[in-house]
Amino acid sequence: MTKFLAGLFCLLFLTAPARAQDWPNRPIRFLVPWAAGGITDTISRLYNERVAAILGQPIVHEYRPGAAGRIGTGELGRAAPDGYTIGMVNAGQLTIHPNLYPRLPYDPDKSFVILGMMGMSPMALAVPVNSPVRSVEDLRALSQRRSLNFGTAGIAGPHHLAVELLRKTGVTGVPVHYRGGGGEIMAAMLNGALDANFDTVYQQNIYQQDGRYRVLAVTSRERMPQMPDVPTFAELGHPEINLETFYAAAAPAAVPAPITARLVAAYAQAARAPEVESWLREMALTNVHLSPPELAQYIREWRERWRVVIEEQNIRVQ
112 MTKFLAGLFC LLFLTAPARA QDWPNRPIRF LVPWAAGGIT DTISRLYNER
162 VAAILGQPIV HEYRPGAAGR IGTGELGRAA PDGYTIGMVN AGQLTIHPNL
212 YPRLPYDPDK SFVILGMMGM SPMALAVPVN SPVRSVEDLR ALSQRRSLNF
262 GTAGIAGPHH LAVELLRKTG VTGVPVHYRG GGGEIMAAML NGALDANFDT
312 VYQQNIYQQD GRYRVLAVTS RERMPQMPDV PTFAELGHPE INLETFYAAA
362 APAAVPAPIT ARLVAAYAQA ARAPEVESWL REMALTNVHL SPPELAQYIR
412 EWRERWRVVI EEQNIRVQ
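Residue numbering for the sequence shown follows the working numbering, starting at 112 and increasing by one per position.
This is the structure in structure tokens:
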């Protein structure tokens, strides 16, 4: 029996590289933890069309919405580690939710290997175009005279946490959460129910160009080319207001190293495709090419930053 087990172990050991070498020989599933449509769907398809061509197999998108992405992310973490199920993760699931929920259907450190960053987006602070506020300093002064309302797309999301981080500039106000997201917030901004809001640079720039919003500052390290006249918070003396959200491709952590290496290389190659780079610029997204260990460190650092904000502001979810 002992000889049999030893022989079986040797057989498995010897055939493992061959199996990895044969990968992929059938379609790959790509789990998106949100509903079809929107920026997450667009990003994943943009990349995966190129990754599929590189790997020589189709990539089939499957959508698992619910619980702000935690359901689909949990399924990704539990998937067979054979390289045939990969998916998308974002800042919420890996850097924010671990600080809010005592139990998650995945381990943010141990369940995944990050294959590549698909896009990072800074945020922008805007007011309605008919507001008397023309600067962050004006907003701070107004907040000292009366209570301000800030629109967010949901409690403890990036939009909400940006509002909480804004308190470090002396601007105070009440976050008002809208499940309907950007369109509902925009309507509330224009009818006077909201004084300001944070959203992605791309979205805020659309409303600014339409003559609906005035953008006061961006949370990026440098000015954004889409709105070169808008200062960064760092320029205004608030370098601590430096935040971004991100989208990344991930695989279950136990996927064999040769397969992981091929996936990492494929996503890196896709990220450098001219049409991908052009679309990212158009959407005010950036892409920093980091190795899996560097990506893991980046995620840990952001998780710690959000932990401090969440604890300082005593943010809780039901």
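The C-beta atom is built at its ideal place from N, Cα and C for all residues, glycine as well.
In whole angstroms, what separates the C-alpha of Pro-138 from that of Glu-173? Translated into the one-based positions of the sequence shown, residue 138 becomes position 27. Translated into the one-based positions of the sequence shown, residue 173 becomes position 62. Just so you know, the alpha carbons of Pro-138 and Glu-173 end up roughly 12 Å apart.
Grab me the residues of Gly-194's own chain with a C-beta within less than 6 Å of its C-beta, minus the 5 sequence neighbours each way, in chain order. Within the sequence shown, numbered from 1, the residue matching residue 194 stands at position 83. Correct list, in chain order: Trp-134, Val-366, Ile-370.
Note the first and the last residue of the continuous alpha helix (DSSP H) segment covering Ser-254. Counting from one through the sequence shown, the residue named residue 254 turns up at place 143. For Ser-254, the uninterrupted alpha helix (DSSP H) segment begins and ends at 247-256.
Under the rule that 16 or more other beta-carbon atoms within 10 Å means buried, what is Asp-340, buried or exposed? Counted from its first residue, the sequence shown places residue 340 at position 229. Exposed: under 16 other Cβ atoms inside 10 Å.
For the stretch 266-308, which segments carrying the alpha helix (DSSP H) assignment without a break, of at least 4 residues, lie completely within its bounds, in sequence order? Restricting attention to alpha helix (DSSP H) runs no shorter than 4 residues, the stretch 266-308 encloses them at 269-277, 293-301, ordered along the chain.
Go to Tyr-324, then tell me how far its beta strand (DSSP E) extends in each direction, as first and last residue. Residue 324 sits at position 213 when you count from the first residue of the sequence shown. Looking at the DSSP string, the run of the beta strand (DSSP E) that includes Tyr-324 is 324-329.
Whether Ala-362 touches Gly-227 by CB criterion (7 Å): Counting from one through the sequence shown, the residue named residue 362 turns up at place 251. Counting from one through the sequence shown, the residue named residue 227 turns up at place 116. Cβ distance not < 7 Å, so Ala-362 and Gly-227 don't count as in contact.
Please report the residue range of the alpha helix (DSSP H) in which Ile-139 lies. Residue numbering aside, residue 139 sits at position 28 when the sequence shown is read from its first letter. Where Ile-139 is concerned, there is no enclosing alpha helix (DSSP H), although the beta strand (DSSP E) it sits in stretches over 139-143.
Give a yes or no on contact between the stretch 408-422 and the stretch 206-219, applying the rule of three or more CB pairs nearer than 8 Å. Contact between the stretch 408-422 and the stretch 206-219 is present, because at least three Cβ pairs lie under 8 Å.
Only counting the same chain, and skipping five residues up and downstream in sequence, which positions put a Cβ closer than 8 Å to that of Asn-293? The residue you call residue 293 lines up with position 182 of the sequence shown. Strictly speaking, residue 293 in this sequence is Gly, with Asn absent from that position. Cβ within range, chain order: Ala-264, Asp-310, Gln-314.
Under 7 Å Cβ to Cβ from Val-399, same chain only, skipping five residues before and after it: list those, please. Your numbering for residue 399 matches position 288 in the sequence shown. Cβ neighbours of Val-399 beyond the five flanking positions: Met-228, Met-231.
Exposed unless 16 or more other CB atoms sit within 10 angstroms - verdict on Ala-146: Numbered from 1 along the sequence shown, position 35 holds the residue referred to as residue 146. Exposed is the call here.
Ordered along the chain, which non-local residues of its own chain (more than five positions away) have a Cβ less than 7 Å from that of Gly-262? Mapped onto the sequence shown, residue 262 falls at position 151. Cβ within range, chain order: Val-287, Tyr-289, Ile-296, Ala-299, Met-300, Leu-305, Asn-308.
Quick check: Ala-190 and Thr-184, are their CB atoms within less than 7 Å of each other? Taking the sequence shown and counting its residues from 1, the one referred to as residue 190 is at position 79. Taking the sequence shown and counting its residues from 1, the one referred to as residue 184 is at position 73. Pairing Ala-190 with Thr-184 gives a Cβ-Cβ distance that is not under 7 Å.
Taking all protein chains shown into account, do 16 or more other C-beta atoms lie within 10 angstroms of the C-beta of Ser-389, making it buried, or fewer, making it exposed? Residue numbering aside, residue 389 sits at position 278 when the sequence shown is read from its first letter. Sixteen is the threshold: since fewer than 16 other Cβ atoms of the shown chains lie within 10 Å of the Cβ of Ser-389, the residue is exposed.
Within its chain, find whatever has a CB closer than 8 Å to the CB of Ala-129; leave out the 5 residues flanking it on each side and keep chain order. For the purposes of this step, residue 129 is taken as residue 18 along the sequence shown, with counting starting at 1. Because the pLDDT of Ala-129 is 41, which lies under 50, any placement of that residue in the model is unreliable, and the number read from its coordinates should be weighed accordingly. Within the same chain, Ala-129 has no close Cβ partners at all.
What's the gap between the Cα of Pro-250 and the Cα of Val-282? By 1-based counting over the sequence shown, the position of residue 250 is 139. By 1-based counting over the sequence shown, the position of residue 282 is 171. One point to set straight first is that residue 250 is Leu, not Pro, in the sequence displayed. Computed Cα separation, rounded: 7 Å.
Quick check on Gly-177: buried or exposed, where buried means 16 or more other Cβ atoms within 10 Å of its Cβ? Within the sequence shown, residue 177 is the residue found at index 66, counting from 1. That one is exposed.
List the DSSP bridge partners of Val-238. Position 127 of the sequence shown holds residue 238. Looking at the DSSP output, Val-238 bridges to Arg-325.
One question on the structure: do Gln-380 and Ile-165 come within less than 7 Å of each other, judged by their Cβ atoms? Translated into positions along the sequence shown, residue 380 becomes position 269. Translated into positions along the sequence shown, residue 165 becomes position 54. Yes, the Cβ-Cβ distance between Gln-380 and Ile-165 is below 7 Å.
According to DSSP, simplified to helix, strand and coil, what is His-349? Reading the sequence shown from its first residue, position 238 is the one you call residue 349. DSSP places His-349 in coil when its eight states are reduced to three.
Can you tell me where the alpha helix (DSSP H) holding Gly-194 begins and where it ends? Within the sequence shown, the letter at position 83 stands for residue 194. First-last for Gly-194: undefined, no H or E at that position.
Count the other CB atoms within 10 Å of the CB of Ala-382; is the residue buried (16 or more) or exposed (fewer)? The count along the sequence shown starts at 1 and reaches residue 382 at position 271. With 16 or more other Cβ atoms within 10 Å, it is buried.
Which residue from Ala-163, Val-200, Pro-169, Gly-188 puts its Cα closest to that of Ile-150? Locating residue 150 in the sequence shown gives position 39, counting from the first residue. With distances taken between Cα atoms, Ile-150 lies closest to Val-200.
Whose C-alpha, out of Arg-427, Val-375, Gln-132, Glu-351, is nearest the C-alpha of Leu-277? Taking the first residue of the sequence shown as 1, we reach residue 277 at position 166. The shortest Cα separation from Leu-277 among Arg-427, Val-375, Gln-132, Glu-351 belongs to Glu-351.
Cutting at 8 Å between CB atoms, please list the residues of its own chain near Glu-333, excluding the five before and the five after it. By 1-based counting over the sequence shown, the position of residue 333 is 222. Taken in chain order, the residues that qualify are Thr-343.
Suppose the cutoff is 6 Å on Cβ atoms and the five residues either side in sequence are ignored; what does the same chain contact list for Tyr-217 look like? Counted from its first residue, the sequence shown places residue 217 at position 106. Sequence-distant partners of Tyr-217 (beyond 5 residues in either direction) whose C-beta falls short of 6 Å from its own C-beta, in its chain, are Thr-184, Gly-185, Gly-188.
Continuous beta strand (DSSP E) stretch holding Tyr-313: start and end: Stepping through the sequence shown from its first residue, residue 313 is reached at position 202. Not the beta strand (DSSP E): Tyr-313 falls in the alpha helix (DSSP H), residues 312-320.
Per-residue DSSP class, three states only, for Leu-123: For the purposes of this step, residue 123 is identified with residue 12 of the sequence shown, where counting begins at 1. No answer about Leu-123 holds up, because its pLDDT of 44 lies below 50 and its placement is not dependable.
Nearest to Ser-242 (by Cα), restricted to the options Val-143, Ala-395, Ile-225, Gln-319: As a first step, residue 242 is located in the sequence shown; it is residue number 131 there, counting from the start. Comparing Cα-Cα distances from Ser-242 to each of Val-143, Ala-395, Ile-225, Gln-319, the minimum goes to Gln-319.
How many angstroms separate the CA atom of Arg-373 from the CA atom of Glu-422? Reading the sequence shown from its first residue, position 262 is the one you call residue 373. Reading the sequence shown from its first residue, position 311 is the one you call residue 422. If I take the Cα positions, the gap works out to 39 Å.
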